[in-house]
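Student: Please see the structure below; I have some questions.
There are 2 protein chains.
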Amino acid sequence: MLTSRQIAEARQRALEFYEKAHIVLTDEEKANIEVADFGLDDLEHSGLELVVYVNTDRVCAKEMVLFPHQTCPEHRHPDINGKPGKEETFRCRWGKVYLYVPGEATAHPKAKPPEGHETYYTVWHEVELNPGQQYTLLPDTLHWFQAGPEGAVISEFSTTSMDEFDIFTDPDINRIPQIVE
Amino acid sequence: MLTSRQIAEARQRALEFYEKAHIVLTDEEKANIEVADFGLDDLEHSGLELVVYVNTDRVCAKEMVLFPHQTCPEHRHPDINGKPGKEETFRCRWGKVYLYVPGEATAHPKAKPPEGHETYYTVWHEVELNPGQQYTLLPDTLHWFQAGPEGAVISEFSTTSMDEFDIFTDPDINRIPQIVE
Ligand SMILES: [Zn+2]
Ligand SMILES: [Zn+2]
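Encoded structure:
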């Protein structure tokens, strides 16, 4: 669980990355940056900071920050009520991100799962994304990603986000944030 | 109709705007910037430059450039085969754009339609978008937009783009580009 102080600090730190990437945010967006620790209470290693620009019943767009070596844990977006799950395109805007998807395992992957959680990282085909590079994930595809040593800013273009339906490989994960005051 | 020389010049000019906005593009994207003159043969006043990042059968994302005072002519995205038409969110990244939508006409609009084409501009509710500001358009809503005096860079997050189905108010417009060598 994140304390409101941890959230404020992570928001402040995320702002520095948006600035490095020259992403312009409104004051309201800055004040409401979403900080996700996935219930693992180790934001430095497992977490994500994001601004949701739009999320209608058809389209979603976000601007995400990963701190250096911060990891978004392995998950997939299943079909819901017979409708295809979320389709995502990640476009790196700044820094570097290592994205892992199903396929031939990369011999010497650049990213390392957060310590103690290795078993919950099962797909190992590495895609390196530098600024201007992007990758599209079809629904229900397992994926995880980790920033390089400088961190990363990544745009996500997708169908509707319904985070509560995401399926994480790690059973301890809870995507919907629990905040203690 | 655009000559290949006009296209090359417009691409070069568009690149300057992407650079001002700190938008990183790959060499392939730079070489293939789409230049649309809508068949009106007056790119300086009626036109749009864009990079399509992704356009699947569910999601589309683009980065658009408007030169100073350049106008994207009035159009709408109708329903197709009983499916809802394109839904668009415009997010201004750099410069300024004036977007016009149905609703109470703005008394002193900042934009002026391209000369001789005034009759084909029928919606006059003005929305000014500065960097970090955005607007979501539901399907089948008439809209047009014009950059301010410095030009503009605008992200578009939308459902699938099927330009050939767009309906322009000006019957002379042809969205699919005709190129002469
Ligand atoms: Zn995902
Ligand atoms: Zn449109």
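As they're listed, the protein sequences go chains A and B.
With our numbering, letter number 124 in the first sequence gets 124, and the count goes up by one each step, no holes.
With our numbering, letter number 38 in the second sequence gets 219, and the count goes up by one each step, no holes.
Built from N, CA and C at the ideal position, the CB exists for glycine as well.
Computed from a predicted model, the values in this text were never measured in an experiment.
Here's a check: name, in chain order, each residue in its chain whose Cβ is nearer than 8 Å to the Cβ of B/HIS226, leaving out the five neighbours to either side.
Tutor: HIS250, GLN251, THR252, PRO295 and GLU296
Student: Give every residue whose Cβ lies closer than 7 Å to any heavy atom of ligand 2, listed in chain order.
Tutor: B/HIS256, B/HIS258, B/LYS267, B/GLU269, B/LEU318, B/HIS324 and B/ASP347
Student: Run down chain A in chain order and give the residues with a C-beta less than 9 Å from the C-beta of B/TYR147.
Tutor: Residue coverage of chain B in this structure runs from 182 to 362, which leaves residue 147 of chain B outside it and unanswerable.
Student: Report, in whole angstroms, the separation of the C-beta atoms of B/CYS273 and B/ASN213, which I expect to be a contact under 8 Å.
Tutor: At roughly 24 Å, the Cβ-Cβ gap does not stay under 8 Å, so B/CYS273 and B/ASN213 are not in contact.
Student: How should B/HIS258 be labelled, buried or exposed, when 16 other C-beta atoms within 10 angstroms of its C-beta is the threshold for buried?
Tutor: The Cβ neighbour count for B/HIS258, taken over all protein chains shown within 10 Å, is at least 16; the residue is labelled buried.
Student: Is B/ARG272 helix, strand or coil by DSSP?
Tutor: In this structure, B/ARG272 counts as strand in the three-state DSSP scheme.
Student: So, helix, strand or coil for B/GLN251, using DSSP?
Tutor: coil
Student: Taking Cβ to Cβ, would you say B/VAL334 is nearer than 8 Å to B/GLU244?
Tutor: Cβ distance < 8 Å, so B/VAL334 and B/GLU244 count as in contact.
Student: Which stretch, first to last residue, makes up the beta strand (DSSP E) that contains B/TYR383?
Tutor: A question about residue 383 of chain B goes unanswered here, because the residues of chain B that appear run from 182 up to 362.
Student: Should B/PRO254 and B/PHE349 be called a contact, given that it needs their Cβ atoms to be closer than 8 Å?
Tutor: yes
Student: Does the beta-carbon distance from A/TYR18 to B/THR270 come in below 8 Å?
Tutor: no
Student: For A/GLY132, which residues in chain B fall below 8 Å Cβ to Cβ?
Tutor: VAL205, LEU206, THR207 and GLU210
Student: DSSP on A/LEU15, reduced to helix/strand/coil?
Tutor: Residue state for A/LEU15 is assigned as helix, using DSSP reduced to three classes.
Student: Distance, Cα to Cα, A/THR3 vs A/LEU66?
Tutor: 19 Å
Student: Check for me: the beta strand (DSSP E) holding A/GLU128 runs from which residue to which?
Tutor: 125–129
Student: In three-state terms, what does DSSP make of A/LYS30?
Tutor: helix
Student: Check the Cβ of A/TYR53 against every Cβ in chain B and list those closer than 9 Å, keeping chain order.
Tutor: The answer, in chain order, is THR270, ARG272, GLN315, SER336 and PHE338.
Student: Taking A/ARG58 as the query, report the chain B residues whose CB atoms sit under 7 Å from its CB, ordered along the chain.
Tutor: GLU268 and THR340
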